[in-house]
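The structure under discussion appears below in the form of structure tokens.
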Amino acid sequence: MTAIQSVLRIPFMWLEGWFDWAFGPRWNPMYYLGGLGFFYFWIVAVSGLYVYAFFDTGLTEAYDSVESLTHGQWYLGGVMRSLHRYASDALVVMMVLHMVREFAFDHYRGARFFSWITGVPMLWLVIAAGITGYWLVWDELAQYVAIVSSEWLDWLPIFGEPIARNFMHQGSLDDRFFTLLIFLHIAVPLILLLVMWIHLQRISYAKWKPARGLSIGTMLMMLALSFAYPAVSHGPANLDRVPQQLDLDWYYLFAYPLVDNWGAGTVWALVFAGTLALMLVPWLPPRKARPVAVVDLDNCNGCGRCASDCPFGAITMVPRTDGQPFEGQAKVDPDVCVSCGICVGACPTAMPFRLFSDLVPGIDLPELTALQLRDRIHDVTKNLEGNARILIVGCKHGIQSGKLTGSGRAAVDLPCAGMLPPPYIDYVLSKGLADGVAVVGCRAGECQYRLGQEWSEDRFERRRDPHLRNRVPRERLLRVWRAPVEWRRALADIEAFQANLKTLDAPRTSAPPKRRKERQS
Ligand code: HEM
Ligand code: SF4
Ligand code: SF4
Numbered sequence: 057m058t059a060i061q062s063v064l065r066i067p068f069m070w071l072e073g074w075f076d077w078a079f080g081p082r083w084n085p086m087y088y089l090g091g092l093g094f095f096y097f098w099i100v101a102v103s104g105l106y107v108y109a110f111f112d113t114g115l116t117e118a119y120d121s122v123e124s125l126t127h128g129q130w131y132l133g134g135v136m137r138s139l140h141r142y143a144s145d146a147l148v149v150m151m152v153l154h155m156v157r158e159f160a161f162d163h164y165r166g167a168r169f170f171s172w173i174t175g176v177p178m179l180w181l182v183i184a185a186g187i188t189g190y191w192l193v194w195d196e197l198a199q200y201v202a203i204v205s206s207e208w209l210d211w212l213p214i215f216g217e218p219i220a221r222n223f224m225h226q227g228s229l230d231d232r233f234f235t236l237l238i239f240l241h242i243a244v245p246l247i248l249l250l251v252m253w254i255h256l257q258r259i260s261y262a263k264w265k266p267a268r269g270l271s272i273g274t275m276l277m278m279l280a281l282s283f284a285y286p287a288v289s290h291g292p293a294n295l296d297r298v299p300q301q302l303d304l305d306w307y308y309l310f311a312y313p314l315v316d317n318w319g320a321g322t323v324w325a326l327v328f329a330g331t332l333a334l335m336l337v338p339w340l341p342p343r344k345a346r347p348v349a350v351v352d353l354d355n356c357n358g359c360g361r362c363a364s365d366c367p368f369g370a371i372t373m374v375p376r377t378d379g380q381p382f383e384g385q386a387k388v389d390p391d392v393c394v395s396c397g398i399c400v401g402a403c404p405t406a407m408p409f410r411l412f413s414d415l416v417p418g419i420d421l422p423e424l425t426a427l428q429l430r431d432r433i434h435d436v437t438k439n440l441e442g443n444a445r446i447l448i449v450g451c452k453h454g455i456q457s458g459k460l461t462g463s464g465r466a467a468v469d470l471p472c473a474g475m476l477p478p479p480y481i482d483y484v485l486s487k488g489l490a491d492g493v494a495v496v497g498c499r500a501g502e503c504q505y506r507l508g509q510e511w512s513e514d515r516f517e518r519r520r521d522p523h524l525r526n527r528v529p530r531e532r533l534l535r536v537w538r539a540p541v542e543w544r545r546a547l548a549d550i551e552a553f554q555a556n557l558k559t560l561d562a563p564r565t566s567a568p569p570k571r572r573k574e575r576q577s
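Residue numbers (our numbering): 57 to 577.
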């Protein structure tokens, strides 16, 4: 599985790099695939409401009402119909890309299985909504859809009377069938919307809204397409005739030729096996369990920063249980925590300067505690030489730090760059452990744990607590947000940084430790 993921990740990283270059990370569509899905859904919903206002559920009226909307009102009704069609197609493309991307970047196993398994039914709900839509138009394509669908559905022993009977000849169908179809065509998307909401329940700050520029650009492209190639119907359905030439929509109707050629049973078997396989993917193989974040009440002051920074909503603030005079305390849900350490980076008590008390923050990661991190930093920097010694703080999921170390450069790796509490940078520089710190992590939209890059930037730029102290010389801090495929460029960035450090005056390091606790600015 890991090998498949590594292969799949490479084209995504290249493509995302190009989009970053062309549009910038905020407008990079690949970083907002889920959000674009929501956006397309809303376009489909609004345009669908408009089309529905003019739709007639009568047997012959259905086709005529769609025709008159398309041609009589081409500038509005026709455009709405086209938007309805193209946004639905785009939803399928987005959904498949989004699924493959989440798989490739390994965002679906362990505690993250929830978003994956709630995503799988969405695939079928989207397809079902599309099929009922094609059926409603009651043109020759709808006739084909009706006949093959009924053949397909009738294979399942769930209907008292075969549905195919309704489509034997012109006289066998009545208006009630269209009323049922329109009900399904509205009910299925409503269920989809509910599942979309459930899908995001284990994600904090979910990007369900694309950036405004991206939404406007996408909308303009769809409008242009709708004017240039308006969606049109085939000829009217006639059950006494077999349609000759059909223009299939492969996004929704890909399974139909298979039902024709292989038979309904085989296609059902494929659908069930495929769905089951997709449902099991998060456990093939299961993620190795890693110890989750642990709260230490003696050091937790109930500030709530960990809870607000956790990308997966794994921390809740609950009433104090130990009698300390704080309002709340942090509580980690071990079933939701993915052991990213971003909460440690947020905790104001993760303070490496401590002299009197042990370095035990309010929340810590057993895999790499705040104390172990400080010790490791001392360890790797002790043999660095020269006046441009660099500590690289890397991310286990990003560029391998071995590719970046070299003369005067040592590295420590964290589960996520967002785990680094900003006071550690101050500590390294003010204690003279290195002349510069390079924080190396994933690109803005590719963070393994969603928000590590964003929160780090916000903390360094003093937009989010805990801030990087003002006294930290900014020219001695380098932030490198690059994909693993860009490791050569990251190395070049770091070498340039190192060359620049040589030109700077020697940094002021702190005096021998005073016997007092330091406070953060
Ligand atoms: C209508 C279709 C879908 C929509 C609108 C949608 C929307 C979203 C959104 C907005 C996010 C949050 C992205 C973020 O903020 O990081 C997300 C995450 C995710 N989705 Fe979907 N999704 C859809 C279909 C699917 C499907 C079919 C699957 C897979 C079977 C899937 C799997 C996931 C996973 C694994 C995550 C990431 C969770 C994490 O980072 O831990 N989604 N989706
Ligand atoms: S950030 Fe630290 S101190 Fe604040 S609530 Fe969380 S564990 Fe407690
Ligand atoms: S380790 Fe990550 S997922 Fe777990 S509580 Fe901390 S921030 Fe949340």
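In this text, a Cβ means the ideal position worked out from N, Cα and C, and glycines have one as well.
Pairing V449 with A467, the inter-Cα distance amounts to about 6 Å.
Runs of the alpha helix (DSSP H) lying entirely within the stretch 230-259 and spanning at least 4 residues, in chain order: 231-255. Only buried fits F223, as 16 or more other CB atoms lie within 10 angstroms of its CB. If you draw a 10 Å sphere on the C-beta of G330, you find fewer than 16 other C-beta atoms in it, and that means exposed. Minimum Cα-Cα distance from A363 among the listed residues K452, G397, D378 and L332 corresponds to G397. Closest option to L105, judged by alpha-carbon separation, among I242, H154, G462 and I371: I242. Remark: the shortest separation between the CB of P367 and any heavy atom of ligand 3 falls under 8 Å. The DSSP-derived three-state label of V528 is coil.
Distances taken from the Cβ of P313 to the heavy atoms of ligand 2 include none shorter than 8 Å. Burial check for G321: the Cβ neighbour count within 10 Å stays below 16, so the residue is exposed.
For P471, there is no enclosing beta strand (DSSP E), since its DSSP letter is neither H nor E. By the Cβ neighbour-count rule, D365 is buried, with 16 or more other Cβ atoms within 10 Å of its own.
Residue pairing by DSSP puts M373 in a beta bridge opposite A386. Excluding five sequence positions before and after G166, the CB atoms of its chain that fall closer than 7 Å to its own CB belong to R343 and V394, given in chain order.
Take G175, set aside five residues on each side of it, and the residues of its chain with a beta-carbon closer than 7 Å to its own are M155 and H255, in chain order.
Per DSSP, the continuous beta strand (DSSP E) segment holding G497 begins and ends at G492 to G497. Only residues of its own chain outside the window of five on either side were considered, and among them E158, S171, W172, V337 and P338 have a CB closer than 8 Å to the CB of Y164, listed in chain order.
Collapsing the DSSP output to three states places A466 in a strand.
Assigned with DSSP and collapsed to three states, W194 falls in coil, not helix or strand. Scanning A311, L115 and A198 for the CA closest to the CA of V323 turns up A311.
With a beta-carbon spacing of about 15 Å, V351 and G401 fall beyond the 8 Å limit used to define contacts.
Put simply, of N84, A59, M57 and I60 the residue whose alpha carbon is nearest the alpha carbon of W70 is N84. Scanning G369, G360, L560 and H140 for the CA closest to the CA of P375 turns up G360. Nearest to L560 by alpha-carbon distance, out of S512, G492, A548 and A546, is G492. For L421, the shortest C-beta to heavy atom distance toward ligand 3 is below 8 Å.
When distances are taken from the beta-carbon of V392 to the heavy atoms of ligand 2, even the shortest one reaches 8 Å or more. Membership of L533 in the beta strand (DSSP E) is indicated by the continuous run L533 to W537. Remark: the C-beta of Q380 is outside contact range of ligand 2, defined as less than 8 Å to any heavy atom. Boundaries of the beta strand (DSSP E) harbouring L447: I446 to C451, taken from the DSSP string. Looking only at W511, A220 and T126, the smallest Cα-Cα distance to D210 is reached by A220.
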